[in-house]
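Protein chains in written order, with my numbering: chain A, 1 to 260; chain B, 261 to 546; chain C, 547 to 820.
Heads up, the thing below is written out as structure tokens.
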Amino acid sequence: MSVFDGLKFRRIKSPIHNLDPRMKFVYVCAAFVAAILFGKLIPLFVLFLLPIPFVFLAGVQKEWLRSLRGAAFLAGFIFFVNLASSFFTSNYTLTAAAVENSAAMTLRFVVLVESFSVFFLTTSPDHLGLALEQTKVPYEFAFAFTTAVRFVPVLAEEAQTIMDAQKARGLELEKGGILKRIRNYVPVLIPLIVSAIRRSLELAEAMESRAWGATEKRTNLFALRLHRGDFALLAITVGILVVSIYVYIYVPIPTLSQFM
Amino acid sequence: MTIIETKNLTYTYPGGTTPSINNVSIKVQKGEFILITGPSGCGKTTLCRCLNGLIPHFYQGELKGHITVTGIDTTKHKTHELAKNVGLVFQNPENQLFALSIEKDVAFGLENLGMAREEMQERVEWALKLTDIYDLRERSPHEVSGGQQQRVAIAAVLAMQPEVIVLDEPTSFLDPLSAEKIFEVIHELNKELGITVVLVEHRLDLTAKYADHIIIMDEGEVVFDGNPREILSTEETRLIGVGIPKATFLYHMLKKEGVNLGEVTPLSSEDLTIILQEALKTSDRG
Amino acid sequence: MIEVEDLHFRYPNGVEALKGVSLVIKRGEFVAIMGQNGAGKTTLVKHFNGLLKPSKGTIRVDGVATTETSVASLSRNAGFVFQNPDHQLFSETVEEEIAFALKNFGFKEETIEKRITWALNLLGLSKYRKTSPFLLSGGERKRVALASVLAWDPEILILDEPTIGQDHQQKEKLRQFIIQMQTQGKTVVIVTHDVEFVSECNPRVLLMKEGVIVADGEGKKILTTPEVLTKSSIVLPQIAQVFMKLAPLGFPKDVIDVYEAKEILLRKLQEMRK
């Protein structure tokens, strides 16, 4: 679950947290594009270093590192698959270039993970929900998103209570072979699902009672407005894109193995 | 002025074989605080759902008879139209709050109605202050206690400024102290703002003193409808299984033993204390 | 017999819910654990069947330390009925629901049949034997959950907020049921904040506040001591409220039962008439 730890939000007030989520998302997309663009180690390393000042400014270093640790397994997997494929396709030779290439692919994956991690770590779900509401996304989806996030801790607690209740009736979740263990979860899943359905019904009643569907033109209590910081981020993002494209087209990038 | 009127209201849930409410005829005057009570399954919740249009629009099923709330025939208007006039607060605090911050939750109904932002912000602040949760407005619903969550639900309904607020066992999941706080808030809304209150409750010891009249239901029908002091004096009420306040019960027991305690039935421990103090003073002198 | 010595418990998120609780509950006692939300009541009782294990201190149930054995084996002895029956119900019929725990505990087929019949009879659910529990009303589902715990006949019965959402008649039935359990020699522990219900039963009361026990004694005495109650945010029972105000006239303060109140008042009034 440690990968999800990096995605969990903390309510901190930092300049990064206050940035408009839409601008942050644009940044993530730009980082995405730049990462895909480059297949070489050095530029990818630069892209990897780029968000680090943001991470420190937002004070989310610990959680960010945790998310990277969570991604480490998958990263290692990517590295070895790449290495193995080049090994087998080049008549069982291992070159420095192949190692560097695999490292680059791994780093590309890490850059993607870290960008998303920084985004989710510095954006509160309500900000995210607001951003969704204020873009052209239909309200139903934004609502579904925020409601889901709202109930995640509730459902988690309920799952724990249900497990406790069934354990108190002698259910032993850890015992038995793989098939028995899966069957053991039926007394936990069914009450959870039934409860979720009942909850949805009650929520629907409450929504109806508070004028859901009264008008197509729904208004919003809050408005996301762009501030100086957001424009600064936009400028940085555009800068990254422009520089990336320029470097990609015009600047030959050396590989480390050339220096060996 | 009659603000709620039902005539021979009968409703059967889809797939049901017997009606959940049968021939219910009640009248509520504007500004009244009425209490509906009765054993589990007597139809109180069904009646509540009729008052804001969830029945018949959300639940379908078969609704017979007439019902008018704030002058509107609920069968002919959608639930969202009725929402402006009648608010409904449900039993489970957690399942009425969907937003990630309390102020957004209170604004939910107003956003649905397409209200302008400035007006909405004023209304939200007003509702939060009336229910004494203004300081909690930026918190997430999950972080606050059950009693506070119910106050958010009340604020959310209040923000739409309905003429009637219906509350279906709002304190079921709350401890007695939080429950008292909720009843105080509701009582103030009724007294200060003139909002008609329809409260469904079991806890008569905490609520009977606020009610203008009490409706007792049993097996889908209205069996008593009248003045609280009268209703809580009858033997039948106890036999139906309604939990009359202990103070009232003690009063009746003493009266049966021939003690003269005056003619006014107490509805709360304060009432009874005064009655007993009087009786003991006169006995002393006599 | 439940022996708790200096029990401390800290949740994984850092919250210290129990800060040194010590108590002894003897076999056959009826105890009500009361206190505000968050005082630690449910946390405490979850230690009785091993769902939670102490961070510090010890707890022994019938001589066995809860850290030395499994939840399943502790539950065999201490049956826990959770507040919301919908957190337990999952079977196709009421019969299967009750059989669930019996099968888990390794009862034989014939015994299971007999136990199911017995439990259904006890709680007036025999006609629902083959019904799906999901089709029953709220009160009936609560009884099914209770039946499914009683079926394996635990010595200790723990009820977590059994009066929530119950109407007057259902609470009366519950009260009589607890008396019945007591006459059978069972130890009954209820976690509740329903003062009126407790004042009708007059059990031993353990009052908790912020992870410690602040009062432990006869219900009558504790529920009529305003200083203790207000500190734990508990409301005085109605009858106690009346007698508190009548105290200057020479009335005893520790009255919580309606019938006792009637007798006392009648006697006083008759005295005064002489």
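Where is the CB? At the ideal position from N, CA and C, for every residue including glycine.
It should be emphasised that the depicted structure is a prediction, and the values quoted were computed from it without experimental measurement.
Contact check, residue i vs residue j, beta carbons under 9 Å
i	j	result
residue 517(B)	residue 301(B)	no
residue 494(B)	residue 509(B)	no
residue 564(C)	residue 586(C)	yes
residue 267(B)	residue 326(B)	yes
residue 420(B)	residue 507(B)	no
residue 567(C)	residue 759(C)	yes
residue 710(C)	residue 629(C)	yes
residue 745(C)	residue 691(C)	no
residue 295(B)	residue 281(B)	no
residue 788(C)	residue 396(B)	no
residue 426(B)	residue 459(B)	yes
residue 90(A)	residue 98(A)	yes
residue 431(B)	residue 461(B)	yes
residue 219(A)	residue 261(B)	no
residue 28(A)	residue 124(A)	no
residue 436(B)	residue 780(C)	yes
residue 519(B)	residue 812(C)	yes
residue 241(A)	residue 19(A)	no
residue 391(B)	residue 457(B)	no
residue 741(C)	residue 705(C)	no
Enclosing beta strand (DSSP E) for residue i [first to last residue]
i	result
residue 556(C)	548-556
residue 461(B)	Per DSSP, residue 461(B) belongs to no beta strand (DSSP E) and is neither H nor E.
residue 348(B)	346-349
residue 581(C)	576-581
residue 623(C)	Element bounds for residue 623(C): not the beta strand (DSSP E) but the alpha helix (DSSP H), 617-623.
residue 658(C)	Per DSSP, residue 658(C) belongs to no beta strand (DSSP E); it is in the alpha helix (DSSP H), 655-668.
Contact set for residue i: own chain, Cβ-Cβ below 6 Å, skip 5 residues either direction
i	result
residue 725(C)	none
residue 658(C)	645, 648
residue 274(B)	320, 321
residue 31(A)	115
residue 428(B)	305, 308, 350, 351, 460
Whole-angstrom C-beta distance between residue j and residue i, which should lie under 8 Å
i	j	result
residue 595(C)	residue 168(A)	6 Å
residue 665(C)	residue 697(C)	4 Å
residue 357(B)	residue 365(B)	5 Å
residue 559(C)	residue 405(B)	Wrong, their Cβ atoms sit about 17 Å apart, outside the cutoff.
residue 676(C)	residue 639(C)	5 Å
residue 130(A)	residue 224(A)	6 Å
residue 477(B)	residue 287(B)	At roughly 15 Å, the Cβ-Cβ gap does not stay under 8 Å, so residue 477(B) and residue 287(B) are not in contact.
residue 707(C)	residue 738(C)	6 Å
residue 438(B)	residue 400(B)	Their Cβ separation, rounded to whole angstroms, is 19 Å, which puts residue 438(B) and residue 400(B) out of contact at 8 Å.
residue 579(C)	residue 591(C)	7 Å
residue 110(A)	residue 71(A)	7 Å
residue 674(C)	residue 682(C)	6 Å
residue 686(C)	residue 662(C)	The pair is not a contact, with the Cβ atoms about 16 Å apart (cut-off 8 Å).
Contacts of residue i in chain C (Cβ-Cβ under 7 Å)
i	result
residue 374(B)	Residues of chain C passing the Cβ test: none, with the nearest at roughly 37 Å.
Host alpha helix (DSSP H) of residue i (start-end)
i	result
residue 163(A)	139-167
residue 205(A)	186-209
residue 684(C)	684-696
Same chain, Cβ closer than 8 Å to residue i, neighbours up to 5 away in sequence not counted
i	result
residue 79(A)	102, 103, 105, 106
residue 798(C)	789, 810
residue 570(C)	547, 548, 549, 550
residue 611(C)	604, 605
residue 573(C)	547, 701, 731, 733
residue 615(C)	596
residue 222(A)	130
residue 522(B)	535, 538, 539
Cross-chain neighbours of residue i in chain C, by beta carbon under 8 Å
i	result
residue 505(B)	784
Same chain only: Cβ atoms within 7 Å of residue i, ignoring 5 sequence neighbours per side
i	result
residue 314(B)	339
residue 279(B)	270, 271, 272, 480
residue 471(B)	293, 294, 295, 488
residue 37(A)	244, 248
residue 128(A)	21
Residue i: contacting residues in chain A (beta-carbon distance under 9 Å)
i	result
residue 634(C)	162, 165, 166, 168, 169, 187, 191
Under 9 Å by beta carbon: chain D residues contacting residue i
i	result
residue 312(B)	Of the protein chains in the structure, A, B and C, none is chain D.
Within chain A, partners of residue i - CB distance below 8 Å
i	result
residue 433(B)	The premise fails here: residue 433(B) is roughly 13 Å from chain A at the closest Cβ pair, so nothing lies under 8 Å.
Chain C residues whose Cβ lies nearer than 9 Å to that of residue i
i	result
residue 465(B)	742, 784
Listed by chain order, chain B residues near residue i by CB distance under 7 Å
i	result
residue 125(A)	360
Neighbouring residues, chain B, relative to residue i (Cβ below 9 Å)
i	result
residue 149(A)	360
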